[in-house]
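A.B. asks:
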Amino acid sequence: MRSFLRSAAGLVCLLALAGTGCSSGTEEDTDAASTAQAQPKPSSTGGPGDTGGTGGTGDTGTGAESATAYAPYVSATTASGLDSAGSASAYNLAFVIADGDDCTPAWDGRAKIGDSAVKSRISALADSGATVRVSFGGASGTELAETCDSASELAAAYGKALDAAGATEADFDVEGDALRDSESVELRSKAIALLQKERPDLTVSFTLPVMPSGLGDESVALLDSANDNSVQVRTVNIMTMNYGSSYDGDMGDYAEQSAEAVHDQLADIFDLSDSAAWQGLALTSMIGRNDVATETFTLEDGAQVREFAEERKIAWVSMWAAFRDQPCEGAAASSKRAQTDCSGVEQEEGAFAEALSG
Numbered sequence: 412m413r414s415f416l417r418s419a420a421g422l423v424c425l426l427a428l429a430g431t432g433c434s435s436g437t438e439e440d441t442d443a444a445s446t447a448q449a450q451p452k453p454s455s456t457g458g459p460g461d462t463g464g465t466g467g468t469g470d471t472g473t474g475a476e477s478a479t480a481y482a483p484y485v486s487a488t489t490a491s492g493l494d495s496a497g498s499a500s501a502y503n504l505a506f507v508i509a510d511g512d513d514c515t516p517a518w519d520g521r522a523k524i525g526d527s528a529v530k531s532r533i534s535a536l537a538d539s540g541a542t543v544r545v546s547f548g549g550a551s552g553t554e555l556a557e558t559c560d561s562a563s564e565l566a567a568a569y570g571k572a573l574d575a576a577g578a579t580e581a582d583f584d585v586e587g588d589a590l591r592d593s594e595s596v597e598l599r600s601k602a603i604a605l606l607q608k609e610r611p612d613l614t615v616s617f618t619l620p621v622m623p624s625g626l627g628d629e630s631v632a633l634l635d636s637a638n639d640n641s642v643q644v645r646t647v648n649i650m651t652m653n654y655g656s657s658y659d660g661d662m663g664d665y666a667e668q669s670a671e672a673v674h675d676q677l678a679d680i681f682d683l684s685d686s687a688a689w690q691g692l693a694l695t696s697m698i699g700r701n702d703v704a705t706e707t708f709t710l711e712d713g714a715q716v717r718e719f720a721e722e723r724k725i726a727w728v729s730m731w732a733a734f735r736d737q738p739c740e741g742a743a744a745s746s747k748r749a750q751t752d753c754s755g756v757e758q759e760e761g762a763f764a765e766a767l768s769g
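Note that my numbering has the sequence shown beginning at 412, numbered continuously upward.
#1: Pick helix, strand or coil for Val647, following the three-state DSSP scheme.
#2: Put Met662 into one of helix, strand or coil per three-state DSSP.
#3: To the nearest angstrom, how far is it from the Cα of Glu722 to the Cα of Val716?
#4: Is Val647 closer than 8 Å to Gly587 when the C-beta atoms are compared?
#5: Please state the DSSP three-state secondary structure of Ala578.
#6: For Thr709, count the other beta carbons within 10 Å of its own beta carbon; 16 or more makes it buried, fewer makes it exposed. Which is it?
#7: Does Gly398 come out as helix, strand or coil in the three-state DSSP assignment?
#8: Comparing C-alpha positions only, which one of Pro623, Leu634, Val644 sits nearest to Ser616?
#9: Checking 8 Å against the spacing of the C-beta atoms, do Val756 and Thr707 come in under that value?
#10: Assuming contact is defined by CB atoms lying nearer than 8 Å, are Arg700 and Ser754 in contact in what I supplied?
#11: Can you grab the Cα-Cα spacing for the pair Ser546 / Asp584, in whole Å?
#12: Which same chain residues end up closer than 6 Å to Asp442 when comparing Cβ atoms and leaving out the 5 residues on each side of it in sequence?
#13: Looking only at its chain, what residues have a beta carbon closer than 8 Å to the beta carbon of Cys514, apart from the 5 residues adjacent to it on each side?
#14: Near Asp494, which residues of its chain fall below 6 Å by C-beta distance, leaving aside the five closest residues on each side in sequence?
#15: Here's a check: name, in chain order, each residue in its chain whose Cβ is nearer than 6 Å to the Cβ of Ala762, leaving out the five neighbours to either side.
#16: Can you tell me the Cα-Cα spacing of Ala487 and Val507, whole angstroms?
#17: Would DSSP call Asp736 helix, strand or coil?
#18: By Cβ distance below 6 Å, which residues in the same chain neighbour Tyr502 in space, the five residues on each side in sequence not counted?
#19: Go ahead and pull the three-state DSSP assignment for Arg544.
#20: On the premise that Val596 lies in contact with Ser636, defined as a C-beta separation below 8 Å, what is that separation, rounded to the nearest angstrom?
#21: Let me confirm a value: Ser593 is counted as buried when at least 16 other C-beta atoms fall within 10 Å, else exposed. Which label applies?
#22: Give the straight-line distance between the Cα atoms of Leu767 and Gly660, rounded to the nearest whole angstrom.
#23: Which partner residues does Ile508 have in the DSSP bridge list?
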């Protein structure tokens, strides 16, 4: 998933693989999508199927009506009147990345981690009763694992961001160059394992690119690395978007195909039962026009994904992003390109949140 608002293996205990952008198509397609994505887009320990934690498998934060939570991506720095649409049980705060080339966490790479305005923003989100999950990485900027020199230094950087947000849930959105960098993948796994030893209540999700055929080799290698380092993963969140120009069919169908394929991969990688593999999965769609011109995720697709997720008791569904959940105006309304702050399709404000939250 994109970053923010700029103008235009040893068996891990996949604890409740439940609790979160682009695709893993050909390198050419992935690089093209990443280039287009210059703007923002996109648990306690246990294994998939564990119902502990907030907003994770089996816990919607709103009672027992559904096992599938709704957890949109929102800007960590900029409030939107659309944040509250759909009554989210969790918010994914996007994104924490490195401040330049230093092993220093910053919101969107610009705002200091202790920024008072960001703290007020996070408090307002938490006041709704939803939990706050800090998302590290994204499609732009430099992920901390690419700048820190040791696992302990990296764990400390992640910890600073979690403490600043008062969060016990961490999402690692790994894509593009960061996903292809095997050294940083291994360093990240070691750092997360250290962090979970220090913080036994920390739940972890990985947000990864996907194709309708499933996770690519690099994403599988990342999960293997997590396993080998005894990282306890709550959820694998797949980015059902930006597959490539050859994919011009129905985006709801592609999301289902991707989920079916990844379900089987998770069952194999983590030795999970059928139900636990579903409960360890999350789905994130890019609403409206995607960065690939042939792809448009409609409101009908949103309703289809929600129904599919509920039937299989998938952990949570999300979207990139809350601030895009509105119709475009002016010149943007006629543009064929994905827009930073609107969906590019006909809709009412907050309509995608309503569709995805059920």
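Just so it is clear, CB atoms sit at the ideal spot from N, CA and C, and this is done for glycine as well.
C.D. replies: Judging by the given coordinates:
#1: Strand.
#2: Note: Met662 maps to helix in three-state DSSP.
#3: So the two alpha carbons sit approximately 10 Å from each other.
#4: Not in contact: Gly587 and Val647 (Cβ atoms no closer than 8 Å).
#5: Reduced to three states, the DSSP call for Ala578 is coil.
#6: Around the beta carbon of Thr709, 16 or more other beta carbons lie within 10 angstroms, which makes this residue buried.
#7: The structure shown has nothing for residue 398, since the chain only spans 412 to 769.
#8: Residue Val644 is the option with its Cα nearest to Ser616.
#9: Against a cut-off of 8 Å, the Cβ pair of Thr707 and Val756 comes out as a contact.
#10: Contact annotation: Arg700 and Ser754 have beta-carbon atoms nearer than 8 Å.
#11: Looking at the backbone, the Cα of Ser546 and that of Asp584 are separated by about 7 Å.
#12: Model confidence at Asp442 stands at a pLDDT of 38, short of 50, so the residue's coordinates are unreliable and nothing is read from them.
#13: Excluding residues within five positions, the ones whose Cβ falls inside 8 Å are Leu555, Thr558, Cys559, Asp560, Glu564, Leu565, Ala568.
#14: So the qualifying residues of the chain are Val485, Ala733.
#15: So the qualifying residues of the chain are Leu710.
#16: A direct Cα-Cα distance of roughly 9 Å separates Ala487 from Val507.
#17: If DSSP states are grouped into helix, strand and coil, Asp736 belongs with coil.
#18: Answer for Tyr502: Val485, Leu536, Ala541, Val543, listed in chain order.
#19: Here Arg544 sits in strand by DSSP.
#20: Sure, about 5 Å apart at Cβ, within 8 Å.
#21: Result: exposed.
#22: Their Cα atoms are separated by approximately 20 Å.
#23: For Ile508, which the question treats as bridged, DSSP gives the partners Ala517.
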